[in-house]
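Using my numbering, the letters of the sequence shown correspond one by one to residues 816 to 911.
Glycine included, C-beta positions come from ideal geometry on N, C-alpha and C.
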Amino acid sequence: MAEPLTLDAVLEDLQAIEPLILNYEKTYKVLTPYFIKLYRAGKLEENWDFIDWAGLYEIKLRREKAYRELLAPSLRRLPLKEELTDERLVALAEAT
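Put into structure tokens, the structure is as follows:
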């Protein structure tokens with residue numbers, strides 16, 4: 816059974832994935848949101864680069880979701896100058 820992700824592991828994964836995605840964007844001169852729409856719509860030929868790029872993007876989305884779920888304790892430890900007012904940040908900081 817896989818061990819639960821830690822915030823450190825999630826950050827490490829995100830930082831490792833980002834340059835790989837950026838390399839595909841640079842190679843094909845297309846930002847990932849545009850690429851993924853074409854890929855999901857079946858408009859692109861299948862090749863290993865596109866399969867890898869789409870896979871990396873899916874992993875990135877899952878890791879970003881995990882990051883949001885694990886973020887609350889880190890937010891609570893930050894030395895804030897003033898009280899959080901953004902509802903989303905307040906909800907994250909108050910999450911258990």
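Taking the alpha carbon of residue i as the reference point, which residue from the options has its own alpha carbon closest?
i	options	result
residue 823	881, 868 and 894	881
residue 828	844, 876, 860 and 854	876
residue 826	895, 898, 897 and 884	884
residue 831	892, 861 and 878	878
residue 820	841, 902 and 886	886
residue 843	857, 897, 865 and 893	865
For residue i and residue j, which I take to be in contact (beta-carbon distance under 8 Å), what is that distance rounded to the nearest angstrom?
i	j	result
residue 859	residue 853	5 Å
residue 868	residue 850	6 Å
Q. Contact between the segment 864 to 874 and the segment 830 to 842: three or more CB pairs below 8 Å?
A. yes
Q. Enumerated in chain order, which unbroken segments of the alpha helix (DSSP H) with a length of 4 residues or greater are wholly contained in the segment 847 to 902?
A. 847 to 855, 863 to 885 and 887 to 892
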